[in-house]
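Read through the structure below, which is laid out as structure tokens, and then see the notes.
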Amino acid sequence: MKLLDNKVAIVTGATRGIGRAIALRFAEQGCAVAFCGRSRNDQMIAVEQQLLALGVKAKGYAANVADFAAAAAFVNDVMADFGRVDILVNNAGITADSALKRMTEEQWDSVIEVNLKSVFCMTKAVQPVMWRQGAGSIVNISSVVGLAGNYNQANYAASKAGIIGFSKAAAKEFGARNIRVNVVAPGFIVTEMTGDIPEAMKDYWKTRIPLRRPGAPEEVANACLYYASELSTYNTGDVMHLCGGMEDA
Ligand code: NAI
């Protein structure tokens, strides 16, 4: 018996990075996985094949989760293909960093829409399904930047802090129906998003992160597995810090 046997999960933004690691970890635990990215590119097809090779049902969809109608259509397609949704991981996210003095309206809007509005759109779309099922687990990926702020990331910090408030409200509204909503707030995780790592960053790890290293996508995936599975049936409205003990988180 695996932790997610007979479950169906949606993972947003799983063509690479943390989302891909979550999709793979869930599939290893017997979960059918529907995932999305902005387009059906080679990366999406490769992830789909990796998931299928683990012996589960899996499909990638091109969907912009920041668009209300597109998110609803994505969930409708998943229901037609998979028949239920037990788990939603809102992972899709972007950065558009700039000092606040120079930040443009476009930089603000794009980050708020992709990181925060998408969580609203996807939660709205799956909520009726989970409500009918009388159970569900929603895991939202925030960031330590949403807790502590960061230079050049006022837009990103606002979006990630917004996810926490949204999740705590949704946990209150959905708890009576056994739909749990939890947040994972990672620190510095090495993925494509973080790009090439300057030497100065390595010094930072040594002085500011008690575990003396960045995290791996698989470590975020393990936290999501905990919240997605029945290991966490009494957790809702949580924010799990996953940052190697970073002192300003
Ligand atoms: P990434 O850039 O490697 O992957 C992002 C994924 O989101 C891609 O699959 C992309 O196609 C998808 N995506 C972006 N916009 C989308 C949209 N509008 N609709 C559908 N899919 C969309 O990023 P990474 O590093 O894997 O980050 C994943 C999540 O974890 C993000 O929410 C990020 O903010 C968060 N995070 C990352 C940290 C890090 O150090 N890498 C630290 C803390 C949080």
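Under numbering that gives the first Met the number 0, think of the first position of the sequence shown as 0, with each following residue one higher.
Don't be surprised by glycine CBs; every beta carbon is placed ideally from N, CA and C.
By how many angstroms is the C-alpha of residue j removed from the C-alpha of residue i?
| i | j | result |
| --- | --- | --- |
| VAL46 | MET78 | 20 Å |
| ASN63 | LYS116 | 11 Å |
| ALA175 | ALA98 | 43 Å |
| GLN28 | LYS100 | 46 Å |
| ILE17 | SER141 | 12 Å |
| TYR203 | LEU241 | 17 Å |
| PHE173 | LEU230 | 19 Å |
Based on Cα-Cα distance, which residue from the options lies nearest to residue i?
| i | options | result |
| --- | --- | --- |
| ILE137 | ALA91, ILE86, GLY92 and GLU172 | ILE86 |
| ASP4 | MET43, LYS56, SER158 and GLN42 | LYS56 |
| VAL182 | ALA199, VAL189 and ALA160 | ALA160 |
| MET102 | GLN152, VAL32, ILE140 and MET245 | GLN152 |
| VAL10 | GLY236, MET239, GLU172 and ALA227 | ALA227 |
| ALA69 | ALA95, SER166 and VAL118 | VAL118 |
| ALA8 | MET239, MET200, ILE111 and PHE81 | PHE81 |
| ALA156 | PHE173, GLN42 and TRP107 | TRP107 |
| PHE165 | THR122, LEU50, ALA199 and ARG207 | THR122 |
| ILE44 | ALA72, ARG15, ALA31 and ARG24 | ARG15 |
Locate the alpha helix (DSSP H) running through residue i, then write down its first and last residues.
| i | result |
| --- | --- |
| VAL128 | 117–132 |
| SER109 | 104–110 |
| PHE67 | 67–81 |
| TYR203 | 198–207 |
| LEU51 | 41–52 |
| GLU27 | 16–27 |
Just list the residues that DSSP pairs residue i with in beta bridges.
| i | result |
| --- | --- |
| CYS35 | THR11 and TYR60 |
| SER136 | ILE86 and ARG179 |
| ILE188 | GLY214 |
Starting from residue i, trace the beta strand (DSSP E) both ways and give me its first and last residue.
| i | result |
| --- | --- |
| MET239 | 238–241 |
State buried or exposed for residue i, treating a residue as buried only when at least 16 other CB atoms are found within 10 Å of its CB.
| i | result |
| --- | --- |
| MET245 | buried |
| SER38 | exposed |
| ARG212 | exposed |
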